[in-house]
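Protein chains: 2
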Amino acid sequence: MPQRATLVEEQGCSVRVVHLDRLVQARAGALGPRQVERLGALYRAMGDPSRLRILLALAQGEMCVCDLAALLKVSESAVSHQLRRLRDLFLVKTRRDAQCLYYSLDDHHVNQLLAVGLAHVEE
Amino acid sequence: MPQRATLVEEQGCSVRVVHLDRLVQARAGALGPRQVERLGALYRAMGDPSRLRILLALAQGEMCVCDLAALLKVSESAVSHQLRRLRDLFLVKTRRDAQCLYYSLDDHHVNQLLAVGLAHVEE
DNA sequence: CTAATATATGAGCAAATGTTCATATACTAA
DNA sequence: TTAGTATATGAACATTTGCTCATATATTAG
């Protein structure tokens, strides 16, 4: 097992590599760029404090836009922007009743992500 | 059950609220600001494509800094910066063997977060 | 010890991001 | 239909963020 770096030619440039076998294996098991981008977008969406508080609130039950704005103490416009992003990524879904749009978590994955994240933070 | 918004006084400002009961309930069940910040930082850390690719690679086994740099095709400095953030948030841990620092996922929560996120993205 | 290797860190810059403001759309009551 | 309510959207500005470059620290070989 090599302990010192060797220089490997990569598309014209030479790159330092200590364990070529691990590098090859990691490349073989890597996700495609599109999947990485989607997965990253999912976590980024959950990373903003406002959006996260929205998700945590919806984990307790559906809410409409203006109630969420009151909860977060931000403008309804800001909440609407955030909800759009959450909706585009299938983190939340809507149900309409008259003028009100009721938002709720889209599926159980979102609950799971929140639960596991909380468990990690709380330990 | 009220369907139209009423104006509620909140610290001097009046705020539109449709369902006061849901608002009160959401406030009661909300996390503290510190926990929200920590949880958000966790997801933000996973949201960056470079850091996410690092985590996905480490999910297959430990790797050292320069191999990760070769895998991501970015500078070792950039990887080191990212690893520091991941380490501060207890997403990865290190093991030293001579000059090499081997990084791996810190605990099973990280694997779970990746697995659930992937499941959500792949459906 | 000294030289070399592996990783870490601080400052600064370019790009991404969230909010506000103004305006637009959707639905309802009368 | 018209007025009013609930939500959505686009542009712009201020902040955040990730990378690069230069330098610093840590470990080992000789």
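These protein sequence lines are chains A and B, in that order.
The numbering used here runs 143 ahead of the 1-based position in the first sequence.
The numbering used here runs 143 ahead of the 1-based position in the second sequence.
Yeah, the Cβ is synthetic: ideal placement off N, Cα and C, and Gly gets one too.
Contact annotation: in the stretch 209–232 of chain B, residues whose CB is within less than 7 Å of a CB in chain A are C209, D210, A213, L214. DSSP, reduced to helix, strand and coil, places S193 (chain A) within a helical segment of the structure shown.
By a beta-carbon distance limit of 8 Å, V208 (chain A) contacts S223 (chain A). Their separation comes to about 6 Å. Contact of G175 (chain B) with chain A is not assigned, every C-beta pair being separated by 8 Å or more. Of the other Cβ atoms in all chains shown, 16 or more fall within 10 Å of the Cβ of A188 (chain B); this residue is therefore buried. At a cut-off of 8 Å, the C-beta of Y186 (chain A) has a neighbouring C-beta in chain B. Around L248 (chain A), no beta-carbon contact reaches into chain B at under 8 Å, the shortest distance being about 11 Å. DSSP places R239 (chain A) in the strand class (E or B) of the three-state scheme. Inter-residue distance for L199 (chain B) and L150 (chain B) is about 48 Å (C-alpha atoms, whole angstroms). Counting only runs of 4+ residues, the alpha helix (DSSP H) found wholly inside the stretch 154–228 of chain B occupies 163–172, 176–190, 192–201, 208–215, in chain order.
In this structure, L232 (chain A) places its C-beta atom within 8 Å of the C-beta atom of A184 (chain A).
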